[in-house]
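Student: Please find one structure pasted underneath; my questions will follow.
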Amino acid sequence: MKPQYRALRPAQSSASHDDLPHSSPSGLTRKREKVKLACNVCRTKKSACDGQRPTCGSCLKRGSICTFADAAKLSPAPSPAMSQTSEKSSAELLSILQTAPDDDARELLARLRAGEPVFSILASWREGNEGARPVKPTAAEDMSNILVLAPDQASLEYELMIRYPVSYPPPTSLESSLYTSPPVQGPNPPLAPRSYSDESSMVLRDGTTETNELRMTSRSPSEPIPVQPSTFSAGGLWTVRLAQAHIAYWTDMPITKDDAVRVITLYLDIDHPILGLFDADLFINDLLGTQQRFCSGLLVEALLSWAYLAHGPDQPQHGTITDTLITVALSRWENGPVPDSLPNIQALQLLSLTTNFLGQGNISKELLRQSILMGTRMNLLISGEDSQLHTSFYQEDECRAASQTAWGLFSHATFHSLHCQQLELGSLNPPKLPIPEQASNVAPVFPYTCQLWLIVHDILCQRFTESKRPLSASNDVHFIESTLLRLLKFGEELPTQLCRGGRIPHCGIILHIHYHATIAFLLRPLLLQGNDARISLPRISGSEPAHAHFHGASPTVFWHIAFLYVANSACRAQKEDLQRWQLFYMAIDGYALLSARFPMIIAIVKGLMMIAIVTNLITNEEAFKLVDRFRGKEATTYRFIANPTKTCLIVDLDLAITDNQAAHIDVLAQRFDEMALFDELIADKGLD
Numbered sequence: 166m167k168p169q170y171r172a173l174r175p176a177q178s179s180a181s182h183d184d185l186p187h188s189s190p191s192g193l194t195r196k197r198e199k200v201k202l203a204c205n206v207c208r209t210k211k212s213a214c215d216g217q218r219p220t221c222g223s224c225l226k227r228g229s230i231c232t233f234a235d236a237a238k239l240s241p242a243p244s245p246a247m248s249q250t251s252e253k254s255s256a257e258l259l260s261i262l263q264t265a266p267d268d269d270a271r272e273l274l275a276r277l278r279a280g281e282p283v284f285s286i287l288a289s290w291r292e293g294n295e296g297a298r299p300v301k302p303t304a305a306e307d308m309s310n311i312l313v314l315a316p317d318q319a320s321l322e323y324e325l326m327i328r329y330p331v332s333y334p335p336p337t338s339l340e341s342s343l344y345t346s347p348p349v350q351g352p353n354p355p356l357a358p359r360s361y362s363d364e365s366s367m368v369l370r371d372g373t374t375e376t377n378e379l380r381m382t383s384r385s386p387s388e389p390i391p392v393q394p395s396t397f398s399a400g401g402l403w404t405v406r407l408a409q410a411h412i413a414y415w416t417d418m419p420i421t422k423d424d425a426v427r428v429i430t431l432y433l434d435i436d437h438p439i440l441g442l443f444d445a446d447l448f449i450n451d452l453l454g455t456q457q458r459f460c461s462g463l464l465v466e467a468l469l470s471w472a473y474l475a476h477g478p479d480q481p482q483h484g485t486i487t488d489t490l491i492t493v494a495l496s497r498w499e500n501g502p503v504p505d506s507l508p509n510i511q512a513l514q515l516l517s518l519t520t521n522f523l524g525q526g527n528i529s530k531e532l533l534r535q536s537i538l539m540g541t542r543m544n545l546l547i548s549g550e551d552s553q554l555h556t557s558f559y560q561e562d563e564c565r566a567a568s569q570t571a572w573g574l575f576s577h578a579t580f581h582s583l584h585c586q587q588l589e590l591g592s593l594n595p596p597k598l599p600i601p602e603q604a605s606n607v608a609p610v611f612p613y614t615c616q617l618w619l620i621v622h623d624i625l626c627q628r629f630t631e632s633k634r635p636l637s638a639s640n641d642v643h644f645i646e647s648t649l650l651r652l653l654k655f656g657e658e659l660p661t662q663l664c665r666g667g668r669i670p671h672c673g674i675i676l677h678i679h680y681h682a683t684i685a686f687l688l689r690p691l692l693l694q695g696n697d698a699r700i701s702l703p704r705i706s707g708s709e710p711a712h713a714h715f716h717g718a719s720p721t722v723f724w725h726i727a728f729l730y731v732a733n734s735a736c737r738a739q740k741e742d743l744q745r746w747q748l749f750y751m752a753i754d755g756y757a758l759l760s761a762r763f764p765m766i767i768a769i770v771k772g773l774m775m776i777a778i779v780t781n782l783i784t785n786e787e788a789f790k791l792v793d794r795f796r797g798k799e800a801t802t803y804r805f806i807a808n809p810t811k812t813c814l815i816v817d818l819d820l821a822i823t824d825n826q827a828a829h830i831d832v833l834a835q836r837f838d839e840m841a842l843f844d845e846l847i848a849d850k851g852l853d
């Protein structure tokens, strides 16, 4: 009998499994295909799953519900580098879609919806727009790209950073913590600050009842200022003391006590360390005790007018309160009698400050002039011909108040002169009274501010005193070099609590703004002399700046000085510098934070737009759109030529070196308005 052998399968050929036909020989079991994703039930039971959807074969036999997990969640996570690249590409494409012309944006969107990869769209866009100006960056990109970039080791910035670490600390993103993203919609939302109405913006000292004493010593202006160890705010102390004030005794304005206390507290905590117009402790004592020695109704109304304008509640009616307070205070001043006194000098300066930023420059200038005349009559400011100090103040508190008033008047007048580029004090010298000292619980900002204004006063006298003109180029360079040495020494002698670090107070930031604006103002005439004017940097040993947590706060109007200088620098920067647009838009975003409160800001922005147009930084259409956004212009309204502010503010800093009048705020703003109005008329005529 013949043996029965089992049939054998033929040997597998050298061809790959993929090349084999899908049909299998009769009687043979087909090999199970691999499944990329099994259902949840099969994965739990660790059983075979054919991956059929919506129900796999195993679940169909078991009669169970078949569900599949999202493949994206189970796939390996992309690397951080790939994620960052993808996010940057998406952000760049979104920015292009927001800012590109309508036709280009529609074309890009159609390609994106058709499934074309983002990197391919960006590559073709860059190729077609090679050499074109980059789109406006976001606020976060502004801060991260500009503030943290280390300077080139062969640059002047690097040399300043190494030799003068207090004045020019290493670049960090520390200042970017001042800004938070605003809850607004639109292609280019401006930077939004933390509002002063937020509870976190006020540093309160719970349980504190001690008095804030300001003491004055017999130190002369040339002597060094002692360093105070403490840096915390006195905001809570002011609140506790002002809670006992009777505001209705000093003014008939229908102002709630809580609002008045809040805005005065913010003024004392933020503006007063810079302005120093009066002795805060003596003022509050008389305010609470309804005494007339260091307080007056005119001073209270003037203080409230500025405090409501700068720090009032974010409501439409706050402007009405400021206007009414100004009207009442000016009526009190004009109808008199207003005798010469320390509170009245202080009130005139506050009224001058308020009317200036309200765009009433002629009134502001007259009020400042009257305060200087009153201070001269009271021997607070001495003319150049007098060498002796004649004072009628004998009591200690009167001497203390007189010293504070004298240096507050000198500082305010010098501040005004710097930004108007004219000598408001004329032949008057700095006060002979000693610089007032601040208590240990307050950062010593005002004493160092006075020291800075002494240097600024010398620069103004050298540049704008007719008897000292003309000066040769060599004398100019010698003066600039020696004064720069004074400024750098001043910066390196700042105490650690006033260095740019994590715990620097808000008023300390403003001091640094004034400091660097002064250096830029001093060096700007060298632009006319080109390479013929060279100065050397002296070597000074400095200390390291402090680093800690930064206390964020909203920019005040004094920040506009930084915005002004940054915008001017961006307009005159080299065309190859791609950061010039970032810097310019940062400055304009900064002005957007202030424009709602201060009417003068819109005139400054118009002037800067005019400079940007002339220097080919932006186009006419871009400038018109930006200003229309500031004005809140609707489609049904028309542009117009605004009334002049009559404020003596220089906007074009470079042009002011050769033509002061043409660089004036009103001249530039009117040129812009005329150009915008002409553009609108031409557009309307084209539509007809």
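If you're matching positions, the sequence shown starts at 166 in my numbering and goes up one per residue.
Glycine residues also receive a C-beta, built at the ideal position from the N, C-alpha and C atoms.
Treat the numbers as computed from the prediction; the structure is a model and nothing was measured.
1. Quick check: the Cα distance between Leu759 and Leu431, rounded to an integer number of angstroms?
2. Of the residues Val722, Leu650 and Val405, which one's Cα is nearest the Cα of Leu523?
3. Can you find at least 3 beta carbon pairs, one from the stretch 822 to 836 and one from the stretch 756 to 775, that sit closer than 8 Å?
4. Is it buried or exposed, Arg745, if we count other Cβ atoms within 10 angstroms and call 16 or more buried?
5. For Tyr170, count the other beta carbons within 10 Å of its own beta carbon; 16 or more makes it buried, fewer makes it exposed. Which is it?
6. Do the stretch 659 to 678 and the stretch 440 to 459 make contact, defined as three or more Cβ pairs closer than 8 Å?
7. With a cut-off of 8 Å, do at least 3 Cβ pairs link the stretch 506 to 513 to the stretch 530 to 540?
8. 9 Å is my cut-off, CB to CB: does Val779 come that close to chain C?
9. By Cβ distance below 6 Å, which residues in the same chain neighbour Gln409 in space, the five residues on each side in sequence not counted?
10. Report yes or no: do the stretch 644 to 651 and the stretch 684 to 691 share at least 3 C-beta pairs separated by less than 8 Å?
11. Count the other C-beta atoms from every protein chain shown that fall within 10 angstroms of the C-beta of Pro282, then say buried if there are 16 or more, exposed otherwise.
12. What does a CB cutoff of less than 7 Å around Arg276 pick up in its chain, not counting 5 residues either side in sequence?
13. I'd like to know whether the C-beta atoms of Trp403 and Leu433 end up nearer to each other than 9 Å.
14. Quick one: what does DSSP say Ile600 is sitting in, helix, strand or coil?
15. Kindly give me the distance between the Cβ atoms of Ala682 and Ile726, rounded to whole angstroms, as I take these residues to be in contact under 8 Å.
16. Could you tell me how far apart the beta carbons of Thr812 and Ser461 are, in whole angstroms, since I believe they sit closer than 8 Å?
17. Need the endpoints of the alpha helix (DSSP H) that Thr786 sits in, please.
18. On a CA-only basis, which of Pro601, Tyr750 and Glu839 is nearest Val731? Give me that one, please.
19. Please classify His476: is it buried, with 16 or more other beta-carbons within 10 angstroms of its beta-carbon, or exposed?
20. Write down the C-beta distance between Leu474 and Thr487 rounded to the nearest angstrom, noting that I regard them as a contact closer than 8 Å.
21. Per DSSP, His681 is paired with what?
22. If you measure between the beta carbons of Cys615 and Ser576, is that distance less than 9 Å?
23. Would you list the one or two residues that DSSP bridges to Ile547?
24. By alpha-carbon positions, which one of Ala566, Ala567 and Leu593 ends up nearest to Thr579?
25. Looking only at C-alpha atoms, which of Ile491, Val503 and Asn500 sits nearest to Asn521?
26. For Val465, which residues of its own chain have a beta-carbon under 8 Å away from its beta-carbon, when the five flanking residues on both sides are left out?
27. Please go through the same chain and pick out, in chain order, the residues whose beta-carbon is closer than 6 Å to the beta-carbon of Glu589, but skip the five residues on each side of it.
28. When DSSP labels each residue in this structure, what does His411 get in the three-state scheme?
29. Please state the DSSP three-state secondary structure of Ile230.
30. Is the Cβ-Cβ distance between Pro596 and Ile669 less than 9 Å?
31. Which residue's Cα is closest to the Cα of Leu326: Ser734, Leu653 and Ala757?
32. Any idea which residues DSSP pairs Ile815 with across the strands?
33. Can you give me the C-alpha to C-alpha distance between Thr232 and Asp269, rounded to a whole angstrom?
34. For a test of the three-state rule: what should DSSP assign to Tyr170, helix, strand or coil?
35. Taking the alpha helix (DSSP H) that Ser734 belongs to, which residues open and close that run?
Tutor: Looking at the coordinates:
1. 16 Å
2. Val722
3. Enough Cβ pairs lie closer than 8 Å, so yes.
4. buried
5. Result: exposed.
6. no
7. Yes, the stretch 506 to 513 is in contact with the stretch 530 to 540.
8. Protein chain content of the structure displayed is limited to a single chain, and chain C is not contained in it.
9. Same-chain partners within the cutoff: Leu453.
10. Yes, the stretch 644 to 651 touches the stretch 684 to 691.
11. By the 10 Å Cβ count, Pro282 comes out exposed.
12. Ile286
13. yes
14. coil
15. 5 Å
16. So it is not a contact: roughly 27 Å between Cβ atoms.
17. Rather than Thr, the amino acid found at residue 786 in this sequence is Glu. Note, Glu786: alpha helix (DSSP H), Asn785 to Arg796.
18. Tyr750
19. buried
20. That pair is a contact at about 4 Å.
21. Answer by DSSP bridge pairing: none, since His681 is not bridged.
22. yes
23. As DSSP reads the structure, Ile547 sits in no beta bridge.
24. Leu593
25. The residue from Ile491, Val503 and Asn500 with its alpha-carbon nearest to that of Asn521 is Ile491.
26. Ile412, Trp415, Thr416 and Leu452
27. Ala578, His581 and Ser582
28. coil
29. If DSSP states are grouped into helix, strand and coil, Ile230 belongs with coil.
30. Here Pro596 is not near Ile669, since their CB atoms are 9 Å or more apart.
31. The question names Leu, but residue 326 in the sequence shown is Met. Here the closest residue by C-alpha is Leu653.
32. His829
33. 44 Å
34. coil
35. Note, Ser734: alpha helix (DSSP H), His725 to Cys736.
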